[in-house]
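Every position in the sequence shown, counted from 1, becomes a number in my numbering once 23 is added.
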Amino acid sequence: MNSPRPTSRRGFLASSIGAPLALSFATGCASEEAAAPAEETATSVDPYPVGLELYSVREALAEDLMGTVTKVAEMGYETVEFYRPYYSWTPEYAQEVRTHMDSLGIRCLSTHNPAEAFMAENHQKSIELNGIIGSTTMVMASPPRDVREGGADGWKGVGELLTGAQEAFSAAGMRAGYHNHQYEWQAFEDATEDGPRFPLDVLADETPAGVTLQLDVGTCLEMEQDPVAWIKAHPGRIRNIHCKDWAPGSDEDEKGYRVLFREGTADWQGIFDAAESVGGVKFYLIEQEGSRYDEFESARRCLETWREMRA
């Protein structure tokens, strides 16, 4: 990744934030209804824009961020999702990235973030960086390190962290979110009378409706869970989805997460139907952890298949 130049963040926000964020500050909107994130008004030929989680092209991104974003835009992706390294950018560098994206006609509607981005002392930094690049959803990519050993109480703590962040973010016309991996689908030992209870159940119960539950389809499938059922059980909260496929088998056999979009076991049409009728989805994100092709060819092929399916 190109190295950002150090500078002070003071006083930079007012001149750099995107129009939706600036409008929410100007009108003093504090309610989620009054300050709906820009993701909810995004337009596209397909009413649901498709983007690329940039972890899919992580090696190229580390070498040449601007060039990588250019190639992704030229493929036809409408949005990108930056992940953890972006959080070390200066506001000036974030503005350079935003200017470059604007010149390409590509947007960033969400970001993947370390847990510290949701701590009270970092709320302003999170809002500032995301406002500059145009993102309206800040997704927690993984919980603090010690949470998984803390049982349900540890996950309640994550819910509290997300709830506090949501209060701060919503005042700026933004949202907090959470991204699932495999371990959020591992049931607690003490099952309830209704059956197994999972960390994701705790997070859904302990956070307000404004917090997005970003569904990673691949990890859901690997853990033998039903993504369609999860979407239907949480109406309005699945505002964006990581479209990552999965198939039983080993990496050596090009299975697992190495299958491309629509090569695995996911019921994509069922997922789309549930997401668009019940889940409240606003946009989709292709994610590829690796495949038999190089990073860009994998991303291109996934988008080509997406277009064929969505035509």
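Glycine included, C-beta positions come from ideal geometry on N, C-alpha and C.
Under the assumption that residue i contacts residue j (Cβ atoms under 8 angstroms), give the Cβ distance between them as a whole number of angstroms.
{"i": "residue 199", "j": "residue 234", "result": "5 angstroms"}
{"i": "residue 75", "j": "residue 308", "result": "7 angstroms"}
{"i": "residue 306", "j": "residue 60", "result": "At roughly 11 angstroms, the Cβ-Cβ gap does not stay under 8 angstroms, so residue 306 and residue 60 are not in contact."}
{"i": "residue 302", "j": "residue 254", "result": "4 angstroms"}
{"i": "residue 135", "j": "residue 202", "result": "7 angstroms"}
{"i": "residue 289", "j": "residue 264", "result": "Not a contact, Cβ separation roughly 11 angstroms."}
{"i": "residue 70", "j": "residue 110", "result": "Not quite, the Cβ-Cβ distance comes to about 30 angstroms (not below 8 angstroms), so this is no contact."}
{"i": "residue 304", "j": "residue 266", "result": "Not really, about 11 angstroms apart at Cβ, beyond 8 angstroms."}
{"i": "residue 182", "j": "residue 230", "result": "5 angstroms"}
With a 10 Å radius around its C-beta and 16 neighbouring C-beta atoms as the bar for buried, classify residue i as buried or exposed.
{"i": "residue 262", "result": "buried"}
{"i": "residue 130", "result": "buried"}
{"i": "residue 128", "result": "exposed"}
{"i": "residue 268", "result": "buried"}
{"i": "residue 318", "result": "buried"}
{"i": "residue 122", "result": "exposed"}
{"i": "residue 160", "result": "buried"}
{"i": "residue 163", "result": "buried"}
{"i": "residue 281", "result": "buried"}
{"i": "residue 124", "result": "buried"}
{"i": "residue 224", "result": "buried"}
{"i": "residue 42", "result": "For residue 42, the predicted structure reports a pLDDT of 39, less than 50, and the residue's modelled location is therefore unreliable. The matter cannot be settled from this model."}
{"i": "residue 188", "result": "buried"}
{"i": "residue 126", "result": "exposed"}
{"i": "residue 271", "result": "exposed"}
{"i": "residue 332", "result": "exposed"}
In angstroms with no decimal places, state the Cα-to-Cα distance between residue i and residue j.
{"i": "residue 211", "j": "residue 219", "result": "7 angstroms"}
{"i": "residue 52", "j": "residue 155", "result": "For residue 52, the predicted model reports a pLDDT of 36, less than 50, meaning its position is unreliable; a value from the coordinates is still stated below. Going from the Cα of residue 52 to the Cα of residue 155 covers about 19 angstroms."}
{"i": "residue 166", "j": "residue 84", "result": "24 angstroms"}
{"i": "residue 157", "j": "residue 184", "result": "23 angstroms"}
{"i": "residue 284", "j": "residue 191", "result": "36 angstroms"}
{"i": "residue 279", "j": "residue 286", "result": "10 angstroms"}
{"i": "residue 117", "j": "residue 330", "result": "30 angstroms"}
{"i": "residue 249", "j": "residue 243", "result": "7 angstroms"}
{"i": "residue 104", "j": "residue 92", "result": "10 angstroms"}
{"i": "residue 175", "j": "residue 148", "result": "29 angstroms"}
{"i": "residue 274", "j": "residue 194", "result": "44 angstroms"}
{"i": "residue 151", "j": "residue 87", "result": "24 angstroms"}
{"i": "residue 259", "j": "residue 197", "result": "16 angstroms"}
{"i": "residue 26", "j": "residue 81", "result": "Its pLDDT being 37, under 50, residue 26 is placed unreliably in this model, and the coordinates cannot settle the point."}
{"i": "residue 119", "j": "residue 90", "result": "13 angstroms"}
{"i": "residue 207", "j": "residue 179", "result": "13 angstroms"}
{"i": "residue 172", "j": "residue 221", "result": "14 angstroms"}
{"i": "residue 310", "j": "residue 292", "result": "17 angstroms"}
{"i": "residue 209", "j": "residue 94", "result": "38 angstroms"}
{"i": "residue 314", "j": "residue 106", "result": "20 angstroms"}
{"i": "residue 226", "j": "residue 245", "result": "20 angstroms"}
{"i": "residue 300", "j": "residue 334", "result": "18 angstroms"}
{"i": "residue 276", "j": "residue 295", "result": "28 angstroms"}
{"i": "residue 44", "j": "residue 213", "result": "Low local confidence applies: a pLDDT of 40 at residue 44 is under 50, so the model's placement there is unreliable, with the coordinate-based value given in what follows. Straight-line Cα distance between these residues: approximately 43 angstroms."}
{"i": "residue 29", "j": "residue 186", "result": "Only weak support exists for where residue 29 lies, its pLDDT of 35 falling under 50; the coordinates are left without a value."}
{"i": "residue 247", "j": "residue 316", "result": "27 angstroms"}
Tell me where the beta strand (DSSP E) around residue i begins and ends.
{"i": "residue 76", "result": "73-76"}
{"i": "residue 306", "result": "306-309"}
{"i": "residue 103", "result": "102-105"}
{"i": "residue 282", "result": "Unbroken run through residue 282: none, as it is neither H nor E."}
{"i": "residue 237", "result": "235-239"}
{"i": "residue 163", "result": "160-163"}
{"i": "residue 134", "result": "130-136"}
{"i": "residue 265", "result": "263-266"}
Starting from residue i, trace the alpha helix (DSSP H) in both directions and tell me its first and last residue.
{"i": "residue 204", "result": "Element bounds for residue 204: n/a, residue is neither H nor E."}
{"i": "residue 146", "result": "146-156"}
{"i": "residue 273", "result": "Careful: residue 273 lies outside any alpha helix (DSSP H) and carries neither H nor E."}
{"i": "residue 246", "result": "First-last for residue 246: undefined, no H or E at that position."}
{"i": "residue 126", "result": "114-127"}
{"i": "residue 95", "result": "88-98"}
{"i": "residue 294", "result": "291-297"}
{"i": "residue 319", "result": "318-333"}
{"i": "residue 176", "result": "174-193"}
{"i": "residue 224", "result": "222-228"}
Any chance the region 95-110 sits against the region 307-325, with 3 or more Cβ pairs inside 8 angstroms? Under the three-pair Cβ rule at 8 angstroms, the region 95-110 counts as touching the region 307-325.
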